[in-house]
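For reference, the structure is listed below as structure tokens.
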Amino acid sequence: MFEARLIQGSLLKKLVDAIKELCTEVNWDISNSGINMQSMDGSHVCLVAFNLRADGFDHFRCDRPLTLGINLGNLAKILKCSGSNDIITMKADDNGDTLTLMFESEKQDRITDVDLKLMSIESEHLGIPDQDYSAETSMPSSEYQRIVRDLSSIGDTVNISATKEGIKFSAMGDIGTANITLRQTSSADKEEENVKIEMKEPVLLTFALRYLNNFAKATPLSSTVQVFLTKDLPVQVNYNIQDLGYVKYYLAPKIEE
Amino acid sequence: AGAQKGIMSFFGKK
Chain A
7 MFEARLIQGS LLKKLVDAIK ELCTEVNWDI SNSGINMQSM DGSHVCLVAF NLRADGFDHF
67 RCDRPLTLGI NLGNLAKILK CSGSNDIITM KADDNGDTLT LMFESEKQDR ITDVDLKLMS
127 IESEHLGIPD QDYSAETSMP SSEYQRIVRD LSSIGDTVNI SATKEGIKFS AMGDIGTANI
187 TLRQTSSADK EEENVKIEMK EPVLLTFALR YLNNFAKATP LSSTVQVFLT KDLPVQVNYN
247 IQDLGYVKYY LAPKIEE
Chain B
12 AGAQKGIMSF FGKK
């Protein structure tokens, strides 16, 4: 059987909210090392992956590896029944067709349990090659969210370039053009408020803003985000979930024919 | 602005 108890249950809610619009039906792979998911979006343009480590849970038990087929929209509806300070416990039998979720209030004076019907989902695992990044940027996740949101009001696509000057995001549309350049900083009070840029070679890539905006739904999970750019390859946008794991998004570029 | 590539053109099936 599988059983996992998460004191900070709101993280599960935030994680599901961060991926449910891109991926609707997904498999969660459970093993004694934790919970993993990898899924393409419906249009097969991006790949979403998360990992929740067993040691990030208050209690984690998995007797043998399980695959849980989950409709994320339905799971999100169930998680709406949990309070923001609730402790969440998930349980599934080895051959069961439901995932039981239990929400306990902080004072443990209110307990909700819900059974979510599981489904059989065919999915393919993609191999993500080890990439030698051209440029790696770490920035506040609120900054990333603002850049992709602001540029979406100008155009549908963004050119992202890394040069000695910094990381430049450029959008072009019917109403005009906009450029946002981020330079490396070191003066912020907190380390995570700084922008860090590590560039190995200049790089310029074009992406659909719609997806980059969707990735920003993970903003509540982490105060920082890492953006990895590699020549002619998908961009990788990483949110580390403190003491628990990560959610990573990969988006294929737009390429001139 | 270029053609949107699919993610599977970069990451192969395992």
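Residue numbers (this note's numbering), protein chains in the order written: chain A, 7 to 263; chain B, 12 to 25.
In this text, a Cβ means the ideal position worked out from N, Cα and C, and glycines have one as well.
- Beyond the five residues adjoining it in sequence on each side, Phe-56/A comes within less than 6 Å, by CB distance, of Met-43, Val-253 in the same chain, given in chain order.
- Remark: C-beta atoms of Tyr-255/A and Val-54/A approach each other more closely than 7 Å.
- For Lys-26/A, the closest C-alpha among the options Pro-71/A, Asp-35/A, Arg-67/A, Ala-82/A is that of Ala-82/A.
- No residue range can be given for Ile-13/A, since it is assigned to no beta strand (DSSP E) and is classified by DSSP as neither H nor E.
- Note on the segment 48–97 of chain A: whole beta strand (DSSP E) runs with a minimum of 3 residues are 52–59, 65–68, 72–77, in chain order.
- Chain-order list of chain B residues neighbouring Cys-52/A: Ile-18, by C-beta distance under 8 Å.
- Of all residues in the segment 122–153 of chain A, the ones placed with a Cβ closer than 9 Å to any Cβ belonging to chain B are Glu-130, His-131, Leu-132, Gly-133, Ile-134, Pro-135, in chain order.
- For Glu-149/A, the enclosing alpha helix (DSSP H) covers residues 147–158.
- DSSP places Asn-38/A in no beta strand (DSSP E); its state is neither H nor E.
- In the structure shown, the three-state DSSP call for Thr-191/A is coil.
- It is roughly 20 Å from the alpha-carbon of Leu-12/A to the alpha-carbon of Gly-79/A.
- Interface flag for Thr-30/A against chain B is unset, since no Cβ pair is found closer than 7 Å.
- Taken in chain order, the unbroken stretches of beta strand (DSSP E) that lie wholly in the segment 158–229 of chain A and span 3 residues or more are 163–169, 172–179, 182–188, 202–205, 209–214.
- A straight-line Cα-Cα distance of about 30 Å links Gln-190/A and Ile-181/A.
- Below the 8 Å Cβ cutoff, chain B contributes no neighbours of Glu-9/A, its closest Cβ being approximately 28 Å away.
- Counting every other CB atom within 10 Å of its CB across the protein chains shown gives Ala-14/B a total below 16, marking it as exposed.
- In the DSSP assignment, Tyr-139/A falls outside any beta strand (DSSP E), carrying neither H nor E.
- Under DSSP, the beta-bridge partners assigned to Ser-45/A are Val-54/A.
- No Cβ of chain B is located within less than 7 Å of the beta carbon of Glu-27/A.
- The beta carbons of Ile-94/A and Gly-40/A sit no closer together than 7 Å.
- By the rule that beta-carbons nearer than 7 Å mark a contact, Thr-236/A does not touch chain B.
- Burial is judged here by how many other beta carbons sit within 10 angstroms of a residue's own beta carbon; Ser-144/A has at least 16 and is buried.
- Here Asp-115/A carries a coil assignment [DSSP, helix/strand/coil].
- In chain order, Leu-12, Leu-85, Ile-94 place their CB closer than 7 Å to the CB of Leu-18/A, counting only its own chain and leaving out the 5 sequence neighbours on each side.
- The C-alpha of Gly-251/A is placed about 10 Å away from the C-alpha of Leu-227/A.
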